[in-house]
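Participant:
In UniProt numbering, the protein residues as written are 1 to 135.
#1: Taking contact to mean 3 or more Cβ pairs, one atom from each stretch, closer than 8 Å, check whether the stretch 113-121 and the stretch 60-77 are in contact.
#2: What is the DSSP secondary structure of residue 71, counted as helix, strand or coil?
#3: Can you tell which of 71, 90, 124, 60 has the C-alpha that lies nearest to the C-alpha of residue 37?
#4: Give the straight-line distance between the Cα atoms of residue 43 and residue 35, rounded to the nearest whole angstrom.
#5: How is residue 111 classed by DSSP in three states: helix, strand or coil?
#6: When DSSP builds the beta bridges, which residues end up paired with residue 35?
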């Protein structure tokens, strides 16, 4: 499936607010694991749904730390700008708060959910984003 981003996207309720199944989801019925894979690789990654870690105990390739490290490496290859001292955030939460366009759009999304009667976005504990970036 391929999605195309639009420059001026207008959100709509679509099916997000509707219920497609009359049976209410029972959290107890969820499996205790999830599986992910990458196209072109034979490796499956089995994640413990309780801990968010791989079955062997290591971090998932889908965790924030791995994604941020990959982004930093890619950005470093593409960027012609030389960062000065103090220019690069040392923590993930600093990088996130420094992404002003992201923060603005996120707040617009939260307000749209509330206005549409979809409730308040559940905030995660701040310590989840308080880890050092290894760049």
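Built from N, CA and C at the ideal position, the CB exists for glycine as well.
Facilitator: Let's see:
#1: no
#2: helix
#3: 60
#4: 10 Å
#5: helix
#6: 46
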